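Visitor: This is the structure I want to talk about, given as structure tokens.
6 protein chains.
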Amino acid sequence: MSHGYESGRLNLPFTGICTFARAPYQPDWSSLQADAAILGAPFDAGTQWRAGARFGPRGVREASTLFSFGHAGAYDHEDDVTYLDGVRLVDMGDADIVHTDTVTSHANIRRGVEAALAAGALPVTIGGDHSINIPCIEAYEGRAPFHVLQIDAHLDFVDERHGVTRGHGNPMRRAAEKPWVTGLTQLGIRNVSSTAREGYEDARARGSDILSVRQARKLDPEATAARLPEGVPIYITIDIDAFCPSIAPGTGTPSHGGFLYYEVLEILQNAVKSHPVVGIDLVEVAPDYDPTGSTSILAAQLLMNLLGFVFHAGLPRP
Amino acid sequence: MSHGYESGRLNLPFTGICTFARAPYQPDWSSLQADAAILGAPFDAGTQWRAGARFGPRGVREASTLFSFGHAGAYDHEDDVTYLDGVRLVDMGDADIVHTDTVTSHANIRRGVEAALAAGALPVTIGGDHSINIPCIEAYEGRAPFHVLQIDAHLDFVDERHGVTRGHGNPMRRAAEKPWVTGLTQLGIRNVSSTAREGYEDARARGSDILSVRQARKLDPEATAARLPEGVPIYITIDIDAFCPSIAPGTGTPSHGGFLYYEVLEILQNAVKSHPVVGIDLVEVAPDYDPTGSTSILAAQLLMNLLGFVFHAGLPRP
Amino acid sequence: MSHGYESGRLNLPFTGICTFARAPYQPDWSSLQADAAILGAPFDAGTQWRAGARFGPRGVREASTLFSFGHAGAYDHEDDVTYLDGVRLVDMGDADIVHTDTVTSHANIRRGVEAALAAGALPVTIGGDHSINIPCIEAYEGRAPFHVLQIDAHLDFVDERHGVTRGHGNPMRRAAEKPWVTGLTQLGIRNVSSTAREGYEDARARGSDILSVRQARKLDPEATAARLPEGVPIYITIDIDAFCPSIAPGTGTPSHGGFLYYEVLEILQNAVKSHPVVGIDLVEVAPDYDPTGSTSILAAQLLMNLLGFVFHAGLPRP
Amino acid sequence: MSHGYESGRLNLPFTGICTFARAPYQPDWSSLQADAAILGAPFDAGTQWRAGARFGPRGVREASTLFSFGHAGAYDHEDDVTYLDGVRLVDMGDADIVHTDTVTSHANIRRGVEAALAAGALPVTIGGDHSINIPCIEAYEGRAPFHVLQIDAHLDFVDERHGVTRGHGNPMRRAAEKPWVTGLTQLGIRNVSSTAREGYEDARARGSDILSVRQARKLDPEATAARLPEGVPIYITIDIDAFCPSIAPGTGTPSHGGFLYYEVLEILQNAVKSHPVVGIDLVEVAPDYDPTGSTSILAAQLLMNLLGFVFHAGLPRP
Amino acid sequence: MSHGYESGRLNLPFTGICTFARAPYQPDWSSLQADAAILGAPFDAGTQWRAGARFGPRGVREASTLFSFGHAGAYDHEDDVTYLDGVRLVDMGDADIVHTDTVTSHANIRRGVEAALAAGALPVTIGGDHSINIPCIEAYEGRAPFHVLQIDAHLDFVDERHGVTRGHGNPMRRAAEKPWVTGLTQLGIRNVSSTAREGYEDARARGSDILSVRQARKLDPEATAARLPEGVPIYITIDIDAFCPSIAPGTGTPSHGGFLYYEVLEILQNAVKSHPVVGIDLVEVAPDYDPTGSTSILAAQLLMNLLGFVFHAGLPRP
Amino acid sequence: MSHGYESGRLNLPFTGICTFARAPYQPDWSSLQADAAILGAPFDAGTQWRAGARFGPRGVREASTLFSFGHAGAYDHEDDVTYLDGVRLVDMGDADIVHTDTVTSHANIRRGVEAALAAGALPVTIGGDHSINIPCIEAYEGRAPFHVLQIDAHLDFVDERHGVTRGHGNPMRRAAEKPWVTGLTQLGIRNVSSTAREGYEDARARGSDILSVRQARKLDPEATAARLPEGVPIYITIDIDAFCPSIAPGTGTPSHGGFLYYEVLEILQNAVKSHPVVGIDLVEVAPDYDPTGSTSILAAQLLMNLLGFVFHAGLPRP
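Chains A, B, C, D, E and F are the protein sequences, given in the same order.
Last residue of the first sequence: 855 (this note's numbering), numbering continuous.
Last residue of the second sequence: 855 (this note's numbering), numbering continuous.
Last residue of the third sequence: 855 (this note's numbering), numbering continuous.
Last residue of the fourth sequence: 855 (this note's numbering), numbering continuous.
Last residue of the fifth sequence: 855 (this note's numbering), numbering continuous.
Last residue of the sixth sequence: 855 (this note's numbering), numbering continuous.
Written out as structure tokens, the structure reads:
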């Protein structure tokens with residue numbers, strides 16, 4: 538087994554063009570050949586407090602280079618596994634965003650996810666605000682049904698308010714409406730947010746399993762993951778504000794009392810062991826609100842590990 | 538002549554609720570009684586690079602308190618004038634913004650400007666991105682015609698692109714279409730931007746007088762102001778990126794080579810001596826991109842002085 | 538039950554004038570009509586390391602708008618309670634501060650708290666540095682006695698040093714001297730500080746119950762709250778540096794090893810269930826030392842929840 | 538002529554303990570042996586907007602190391618002079634500051650300046666806010682009279698307001714009262730400030746020569762310096778906010794339209810050629826408000842050059 | 538003439554992978570087909586104050602996207618020219634850097650420049666610190682001689698000190714030694730630096746023409762450019778610290794009193810009209826020291842315009 | 538027992554020259570008289586991601602003044618001990634660093650540690666990047682053997698790669714080679730890093746005991762410390778990135794999932810009770826990447842407490 542250190546370039550993390558994990562860049566979406574395809578969705582007009590998530594894809598890409606220097610895979614001494622060895626990643630670049638036009642921007646995001654699916658690659662979309670989950674889920678129209686695993690501070694279950702149906706407070710309500718979404722598990726939900734009591738009642742009525750950070754913490758990560766319906770395919774949507782602002786301050790609507798790093802990592806590691814993953818999005822990283830870069834690093838570290846777990850599990854996707 | 542220092546509170550700038558210039562807050566727009574009415578228009582979904590202008594009104598309001606501590610008017614030793622003494626300012630608060638919905642947000646801004654006009658007050662709108670100039674100008678529908686004086690780095694004369702007509706690259710084109718806009722003087726325009734060659738040709742064909750920073754600088758401020766059609770009423774729209782990024786880094790699309798402080802101040806001081814001012818907007822202050830606060834302070838200092846000049850000139854508005 | 542989303546304005550958090558929780562602003566302190574009255578006390582000349590707490594009231598007010606958009610009360614799904622529904626909050630603005638003059642500034646703060654008390658409202662004072670607790674406590678002269686619950690990294694029990702008696706290292710010593718203060722419970726105290734061994738001995742001699750973060754953590758929040766004398770009225774003073782710098786870096790004298798969010802929230806929630814609250818202050822938020830805004834958001838989130846708990850408990854104040 | 542590069546240490550600027558210009562530290566003020574003695578005066582309780590000037594001495598000291606690496610003097614190719622070669626600098630450390638106590642803090646600053654004077658060294662005091670000029674000037678009681686050259690955005694000529702006489706708006710009024718101050722030249726004064734019209738009239742009545750930035754700019758630096766009374770000894774007080782916020786954003790009360798670097802440098806260079814300098818202070822550097830460090834670098838670069846000019850002129854002090 | 542706005546993507550500046558000016562990325566240096574080839578040289582171990590220039594290539598690349606959205610060339614209304622239309626740019630990525638090993642890192646940079654030259658492309662290298670100019674110049678070994686035009690605050694003419702010959706204080710001395718370098722024009726040099734008097738004498742003895750900012754300013758840009766030997770090919774090396782820290786604070790060793798934007802732009806525009814350009818480097822951008830991004834934007838804006846001028850002049854390279 | 542509060546200066550933390558803990562500065566390394574000698578090692582050319590640790594010594598020194606104001610020792614109420622009372626600290630200043638020359642810079646650091654050892658003082662070295670541990674360990678050549686206790690996110694066990702043997706990924710491998718190093722305990726190691734699987738195998742083969750954060754957390758601090766070989770002398774090397782980025786974002790290569798404050802403090806407190814400490818280094822603090830200052834404060838708070846524990850234990854060094 539050879540790796541980059543023995544020949545060729547040293548490729549220190551601060552060098553080179555910033556694609557996700559230094560993966561090849563493929564702007565021709567009809568020619569994707571990959572196990573996972575990373576798509577940027579730099580849309581943040583759905584935000585209700587701070588914007589800035591439009592720079593999320595760039596921030597996460599740059600941070601990902603810290604985890605990608607010259608290894609053939611990533612060795613984890615705790616698991617004694619070298620992850621991602623042989624996994625083909627490709628960076629699709631970003632969906633085209635049209636300012637002032639939510640519908641067109643969302644349509645362009647959907648097209649990207651569809652292209653990844655068409656190529657048989659796992660779509661991994663980096664937001665952008667959480668509204669970009671709406672076209673991500675819509676891209677699965679006509680495909681096999683799945684369950685949504687949401688990691689988030691906010692329920693995002695507003696149906697409509699002042700005519701808004703595609704803002705960052707609406708995506709889980711939009712998902713729940715889809716025939717191909719069989720249910721939701723919503724973890725990390727806490728404190729007040731744009732979702733009022735009615736939204737919670739609506740979500741529960743539609744079968745959502747809602748756990749706060751404290752409720753998930755009382756369970757252990759394994760038990761939390763075990764609340765997912767057994768063996769069903771899952772789509773994972775991660776709002777970075779699910780995490781404690783201590784490690785994820787660079788986001789639109791921070792909420793204290795969030796998850797710590799290993800809590801989420803272990804829930805995900807447990808979940809993907811027994812559930813095929815049909816898609817992933819990670820949203821609401823707003824790098825300009827975090828001068829230390831911790832938030833982007835968190836997003837990149839989490840995604841890299843999650844991808845490692847998914848492909849190590851090797852479950853067939855429907 | 539008494540002022541606040543002799544009785545009552547000292548009111549240091551860092552104390553108190555942040556309305557513009559510590560003016561009274563009047564959320565009931567049907568009850569405005571003022572010479573000038575300040576309206577926040579925190580909409581930034583029209584941006585093509587950085588967002589963040591949604592926090593412009595808050596930033597400018599807070600900075601304005603630095604210039605408002607306990608004086609009855611503001612004494613300027615160079616002019617030997619105490620400005621703003623007896624001028625009634627009121628802060629209307631902000632127009633209601635609906636995320637993902639440009640048309641409704643713009644309509645709400647228009648309603649605010651209309652309310653100020655209906656009350657006989659000079660409307661002073663703080664953006665938000667430059668697209669908010671579109672509803673500001675629309676609010677004058679049915680009123681006396683006027684000329685637009687734009688201070689900006691960018692021509693903002695894109696007609697339509699990918700369907701976008703109300704983004705921050707479109708406002709001057711939108712203004713030029715209005716029957717009640719008699720012409721434009723566009724100062725500070727420089728370097729590449731979203732407006733291509735066609736936009737410049739279109740603007741000139743519609744009668745725009747376009748000067749770059751260097752061109753305006755070769756004239757002096759008086760001569761620059763003299764290029765305005767003589768004596769016509771003017772609407773002043775100031776994009777903070779007209780200024781050099783050295784003093785206005787906190788903006789969406791900074792452009793090097795911009796105006797310095799006194800260059801703009803003196804153009805404006807000269808212009809308003811002989812042209813009635815029918816409205817003002819100041820846009821594109823994005824405070825979160827300026828950790829020193831210089832940009833917000835610039836905007837507040839400029840607006841305070843401009844208002845002083847306008848009311849000192851005392852020209853009747855049409 | 539109607540709320541703002543169904544009619545009127547959407548009032549996104551980034552819009553509008555920043556009073557605390559968008560409460561009405563009432564600068565006429567003789568006309569307060571409220572259940573709780575918020576007073577800013579932007580005095581920071583009592584600090585021994587970084588200043589900047591003078592901008593605490595503004596920072597907390599702005600952050601509080603994030604938790605106040607259009608709801609009639611705040612629904613908490615963990616407690617299944619809608620808090621603050623029907624509770625009347627009013628923002629009194631700030632006490633007048635006179636630079637270089639600690640005594641006068643403190644007197645002005647005292648006058649504000651007295652006004653709130655006279656109106657029958659719960660005084661909630663936002664500092665400023667911890668020295669502002671001194672006039673807050675003095676304002677209760679002649680009223681029913683109470684116990685002080687302090688959440689803080691530092692004991693603040695210095696009697697006098699180099700003539701200083703009203704700095705931010707003195708407030709708990711000042712409180713302990715008052716006939717109307719029956720005792721102190723001091724939680725979160727850790728590491729070295731301006732209080733030497735003598736101060737601890739003095740505090741214990743005067744009946745203080747002192748617990749470090751680790752000591753409080755070994756108890757659970759309920760047991761910690763249970764150390765308060767049973768059923769007595771309490772005044773709560775929260776120094777934001779009680780919290781871990783990971784979530785509260787924007788403060789004058791950060792100290793590692795502090796409380797996490799839920800630890801304090803749950804101590805307070807337990808405490809106010811069985812102890813009437815006669816007053817609250819929250820101090821030492823210095824927003825300019827926290828570019829991410831986490832500290833102000835923490836303060837606002839904590840105060841909003843604490844007020845919710847207090848009024849939900851509904852205990853009569855003496 | 539040997540210098541540090543040829544033997545011993547390389548002493549790169551980022552290494553070593555931060556005294557001013559790497560000068561020896563002498564905390565025993567009775568043993569000063571130096572041509573110039575640098576004193577820190579980290580007092581900022583006299584501020585009316587942002588504090589933070591308490592960290593001015595540290596900021597300027599650290600920045601000064603950038604200009605001090607291993608040279609025996611500083612070669613300036615434009616003047617073809619090696620400045621400061623053989624000049625003995627000493628760093629006295631800081632005056633002791635007592636929080637909440639302006640009078641004692643000022644007395645301690647005065648004691649430091651007196652010690653420098655007693656040792657025959659030129660006192661160079663780094664603030665702190667501009668109120669620290671008050672004890673600096675008081676330290677000359679009983680010594681030969683001198684003229685004050687002020688470089689500042691603000692007139693600082695408030696006599697008394699709400700009882701405040703030693704805040705940062707008062708120093709020039711305090712100086713003008715002293716029998717040993719023969720007059721003031723006040724350069725850079727602009728825009729509104731805490732000094733109202735009465736202050737200007739008072740200053741002029743007491744013989745002040747007041748020039749705005751634009752007025753000084755119309756003259757050239759030589760002509761500006763020539764307005765000083767011929768040949769009289771001068772005390773130089775530099776408020777960093779005299780400069781444009783583009784290069785000095787890290788200050789308490791920034792004011793746009795300020796001086797650029799060479800404008801001030803050349804006024805000073807001209808002034809000290811024919812006027813003995815009896816003392817210098819530089820105030821209002823608040824490093825925490827300038828994340829780029831430009832303001833501290835400006836202060837250090839200016840002081841280093843000014844000291845070079847003063848000792849190169851070699852005029853005997855009275 | 539079609540451009541991107543009429544079909545395909547809108548490509549707003551905040552979208553997409555960050556190559557320089559969105560040019561194609563070509564990591565295979567044996568297959569370069571371009572008029573100009575951009576190479577990153579992220580080496581900063583040659584710095585004597587702040588590091589951070591290793592992130593210069595990334596910072597400048599990202600900023601360059603602001604100037605590259607969908608145009609076929611960049612229209613400049615002052616010159617009435619559409620620049621860069623049809624010019625083929627390619628981004629080579631970065632030279633491989635080996636930490637702790639200056640010689641190997643420099644060799645890798647040299648290899649990149651050689652590859653560009655071999656392909657007939659104009660090499661444009663983005664540093665990194667100024668030491669990267671050393672391998673850039675070395676890459677021309679065996680090629681036609683040229684003159685070096687340096688824009689910089691510092692002379693960088695140290696021969697050797699403590700054994701260091703390839704630090705960021707040495708490059709111009711290294712260049713002057715090369716047989717293929719016919720002379721140097723050094724513009725912007727000011728204030729003290731690591732070059733002592735001996736370095737200036739050495740430079741002048743080797744034929745350097747040294748002008749300070751003030752000296753160049755007294756000439757006009759045309760006259761300054763006219764000091765270059767007539768018609769000779771030039772290599773342009775731009776240290777961003779030549780500029781005033783007001784617009785370029787994000788650099789290792791800022792020096793006040795620097796050039797403003799148009800001063801440098803016009804010198805360059807004049808110079809390249811009559812001198813073929815054989816290579817360009819731009820160094821010392823350290824983005825992490827400029828939270829506003831102004832410095833990276835300046836570098837990108839300058840490079841884009843300079844490339845426009847070079848290819849518009851169309852002079853044949855030797 | 539007298540202390541500074543009763544006479545002399547108040548010495549607030551923001552005043553005075555920044556030596557470590559306000560200890561006397563002794564640049565003459567042949568005259569050290571101290572129990573512990575603090576040495577700065579501002580070398581960061583060994584970094585693979587962000588540099589900036591060159592400012593670590595300055596950052597930690599300044600932060601240390603927060604913990605050093607006028608006490609004779611530091612009273613800890615949890616332990617009821619006054620630490621550091623009577624312990625003589627001295628600040629040696631910094632080792633001389635030569636840019637571009639790793640070997641010479643390391644040699645200078647070694648010379649400093651040797652000087653401290655020769656004087657019988659405990660060497661405490663503040664980095665700089667982790668490569669500075671290499672000369673620190675080399676300085677013990679010829680002295681009694683010891684065990685290394687490493688607190689770190691990364692194993693740092695790379696032997697050689699692209700010729701690099703003295704970068705910040707190599708120190709533990711270098712240490713393990715030394716005859717006077719008897720073994721390593723490596724705590725906090727997690728996630729991917731520059732050490733590949735081979736490095737782990739090599740480390741274990743050489744007898745390393747490697748624990749991740751989660752593994753150490755499952756043990757308690759006492760049990761973790763108990764894994765050290767019984768009673769052997771230890772050298773402690775602390776990489777600040779061992780800690781969670783929530784409290785230590787200001788570092789070169791942050792890694793989520795790190796230790797919290799008390800976890801490390803208690804491991805160290807337990808370890809030094811029964812193991813003589815022969816030396817300490819603390820590395821990778823890069824203050825410019827932490828605008829809140831938390832990282833420097835953490836480093837200073839940890840070192841102050843660790844030194845207190847070491848001298849309170851009073852174990853004889855070999």
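Heads up, the beta-carbon is just placed ideally off N, CA and C, and yes, glycines get one too.
Quantities reported herein were computed from a predicted structural model and do not represent experimental measurements.
1. Let me check understanding here. Comparing Cα to Cα, which of C781(E), S792(E), Q570(E) lies closest to G794(B)?
2. With 7 Å set as the bound, which would you pick, yes or no: does the beta-carbon of I554(C) sit closer than that to a beta-carbon of chain B?
3. Which of the three DSSP states, helix, strand or coil, is assigned to G698(E)?
4. Can you list the beta strand (DSSP E) stretches of 3 or more residues lying completely in the region 804-829 of chain B, in chain order?
5. Below 7 Å on C-beta distance, what does E651(B) contact in chain C?
6. Please identify, using Cβ separations under 7 Å, the residues of the region 789-822 of chain C that lie next to chain A, in order along the chain.
7. Could you confirm whether any beta carbon from chain D is found closer than 7 Å to the beta carbon of T829(C)?
8. Contact between the region 656-670 of chain C and the region 580-591 of chain C: three or more CB pairs below 8 Å?
9. Mind reading off the beta-carbon distance from L547(D) to R698(E)? Whole number of angstroms is fine, and I expect it under 8 Å.
10. Compare the beta carbon distance of A690(E) and A779(E) with 7 Å and say whether it is the shorter of the two.
11. To the nearest angstrom, how far is it from the Cα of A652(A) to the Cα of I674(A)?
12. Drop a sphere of 10 angstroms on the beta-carbon of V640(A), count the other beta-carbons inside from all chains shown, and report buried for 16 or more, exposed for fewer.
13. Do you know how far the Cα of E714(B) is from the Cα of F592(A)?
14. Hey, out of A600(A), P682(A), D565(A), G589(A), whose CA is closest to V627(A)'s CA?
15. Any heavy atom of the ligand GDP closer than 6 Å to the beta-carbon of V820(B)?
16. For the alpha helix (DSSP H) holding T619(E), just list the boundary residues, first then last.
17. So with Cβ pairs under 7 Å, would you call E767(F) a contact of chain C?
Guide: Concretely, from the data shown:
1. For this step, residue 794(B) is matched to residue 257 along the second sequence. Selected option, being the one with the closest Cα: C781(E).
2. Here residue 554(C) refers to the residue found at position 17 when the third sequence is read from its first residue. So yes, I554(C) belongs to the interface.
3. In the fifth sequence, residue 698(E) corresponds to position 161, counting from 1. It should be noted that the sequence gives Arg, not Gly, for residue 698(E). Residue state, collapsed to three classes: strand.
4. As far as the region 804-829 of chain B is concerned, its whole beta strand (DSSP E) runs of at least 3 residues are 814-820.
5. Locating residue 651(B) in the second sequence gives position 114, where the first residue counts as 1. Per Cβ cutoff of 7 Å: no residues; E651(B) is ~16 Å from chain C at best.
6. Cβ contacts with chain A come from Y798, Y799.
7. For this step, residue 829(C) is matched to residue 292 along the third sequence. Taking Cβ atoms only, chain D never reaches closer than 7 Å to T829(C), which makes this a no.
8. yes
9. On the fourth sequence, position 10 is the one that residue 547(D) refers to. On the fifth sequence, position 161 is the one that residue 698(E) refers to. Yes, L547(D) and R698(E) are in contact; Cβ-Cβ is about 7 Å, under 8 Å.
10. By 1-based counting over the fifth sequence, the position of residue 690(E) is 153. By 1-based counting over the fifth sequence, the position of residue 779(E) is 242. Yes, the pair counts as a contact, with Cβ atoms nearer than the cut-off.
11. For the purposes of this step, residue 652(A) is identified with residue 115 of the first sequence, where counting begins at 1. For the purposes of this step, residue 674(A) is identified with residue 137 of the first sequence, where counting begins at 1. Cα-Cα distance, rounded: 13 Å.
12. In the first sequence, counting from the first residue as 1, residue 640(A) sits at position 103. Under this definition V640(A) is an exposed residue.
13. Position 55 of the first sequence, counting from 1, holds the residue named residue 592(A). Position 177 of the second sequence, counting from 1, holds the residue named residue 714(B). Put simply, the backbone Cα of F592(A) is about 34 Å away from that of E714(B).
14. The count along the first sequence starts at 1 and reaches residue 627(A) at position 90. Residue D565(A) is the option with its Cα nearest to V627(A).
15. The model on display carries no ligand, and the ligand GDP is accordingly not part of it.
16. As a working note, residue 619(E) is residue 82 in the fifth sequence. Counting along the chain, T619(E) falls outside any alpha helix (DSSP H), though it belongs to the beta strand (DSSP E) covering 618-620.
17. For the purposes of this step, residue 767(F) is taken as residue 230 along the sixth sequence, with counting starting at 1. No, E767(F) does not count as interfacial toward chain C.
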